[in-house]
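Participant:
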Amino acid sequence: MDIIQLVDRLESLLNRSRRLPLTSGVVVNEEEFLEIIDQLRVAVPEEIKAARRMQQDRSRVLSEAQEEAQGLLEEARKQVAVLVDQDAVVRNARAHAERIIQQAEQQAQDMQHGADEYAVQVLRNLDQHLSNVHAEVRNGLVSIGGSPTDSDQV
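With the first letter of the sequence shown counted as 1, position 55 gets the number 55 in my numbering; the numbers rise by one all the way through.
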């Protein structure tokens with residue numbers, strides 16, 4: 001179950017609970033509360049696994065981009081060697097080879113930049129999501145009379 005849904009269930013449980021007269025306390029169904037907490041314990045590692053998968057995807061994309069860039073550079077070097085070997089077109093071959101190398105290097109840089117941007121965006125989205133979840137959990141604890149510092153020790 002999604003962490004947000006579990007936090008919503010905690011909030012709903014709190015809202016449905018009986019208030020204690022003349023206090024800000026409530027009587028919460030312990031069994032239901034503990035069940036939701038257990039589900040949160042299961043869901044949080046799943047969110048962390050998702051973050052790790054995103055990090056691995058980022059690494060894979062970067063690795064593939066670097067491999068492709070190396071392949072492009074190697075191909076450019078091979079083309080340079082072939083063109084340089086031909087006497088009649090030595091000057092043109094050098095100029096053409098340099099353009100190929102520059103294009104390959106630019107493509108490699110562009111691919112690296114694109115992969116980095118994608119990874120940063122994914123990690124920012126995950127960071128924001130986890131921050132929101134953490135804030136909702138802390139608010140839930142405060143709402144039911146728990147201390148927000150208690151959650152920092154978990």
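A virtual CB, placed ideally from N, CA and C, is assigned to each residue, including glycine.
State buried or exposed for A76, treating a residue as buried only when at least 16 other CB atoms are found within 10 Å of its CB.
Facilitator: On the sequence shown, residue 76 is found 76 positions in, with the first residue counted as 1. A76 should be labelled buried.
Participant: Measuring CA to CA, which of V42, G25, V28 and G145 is closest to L6?
Facilitator: In the sequence shown, the residue the question calls residue 6 occupies position 6. It is V42.
Participant: What is the rounded straight-line gap between the Cα of S59 and the Cα of A95?
Facilitator: Residue numbering aside, residue 59 sits at position 59 when the sequence shown is read from its first letter. Residue numbering aside, residue 95 sits at position 95 when the sequence shown is read from its first letter. S59 and A95: Cα-Cα distance of roughly 35 angstroms.
Participant: Could you check where the alpha helix (DSSP H) with G14 kicks off and where it finishes?
Facilitator: One-based indexing of the sequence shown puts residue 14 at position 14. Note that residue 14 is Leu in the sequence shown here, rather than Gly. Segment I3 to R16, the alpha helix (DSSP H) holding L14.
Participant: Give the DSSP-derived three-state secondary structure of V28 in the structure shown.
Facilitator: Taking the sequence shown and counting its residues from 1, one reaches residue 28 at position 28. Looking at V28 - three-state DSSP - the assignment turns out to be coil, as it is neither helix nor strand.
Participant: With a CB to CB cut of under 8 angstroms and the five nearest residues on each side skipped, what residues in its chain are close to S24?
Facilitator: Within the sequence shown, residue 24 is the residue found at index 24, counting from 1. Excluding sequence neighbours, S24 sits near G145.
Participant: Of the choices R52, V44, N15 and V26, whose alpha-carbon is the least far from that of H134?
Facilitator: In the sequence shown, counting from the first residue as 1, residue 134 sits at position 134. Comparing Cα positions, the closest option is V44.
Participant: Looking at the secondary structure, which residues open and close the alpha helix (DSSP H) in which Q109 lies?
Facilitator: By 1-based counting over the sequence shown, the position of residue 109 is 109. Segment V90 to S143, the alpha helix (DSSP H) holding Q109.
Participant: For the candidate residues L72, E64, L123 and R138, whose alpha-carbon lies nearest to that of R53?
Facilitator: Locating residue 53 in the sequence shown gives position 53, counting from the first residue. Comparing Cα-Cα distances from R53 to each of L72, E64, L123 and R138, the minimum goes to L123.
Participant: Output needed for I4: all residues of its chain with C-beta closer than 8 angstroms, excluding positions within five of it in sequence on either side, in chain order.
Facilitator: For this step, residue 4 is matched to residue 4 along the sequence shown. Scanning its chain for C-beta atoms nearer than 8 angstroms, with the 5 sequence neighbours on each side dropped, one finds around I4 the residues N132, V133 and E136, in chain order.
Participant: Please name the residue in N92, L72 and E117 whose C-alpha comes closest to that of Q103.
Facilitator: Taking the first residue of the sequence shown as 1, we reach residue 103 at position 103. Of the listed residues, the one whose Cα sits closest to Q103 is L72.
Participant: Around the C-beta of G140, are 16 or more other C-beta atoms found within 10 angstroms, so that it is buried, or is it exposed?
Facilitator: The sequence position of residue 140 within the sequence shown is 140, counting from 1. Flag for G140 reads buried.
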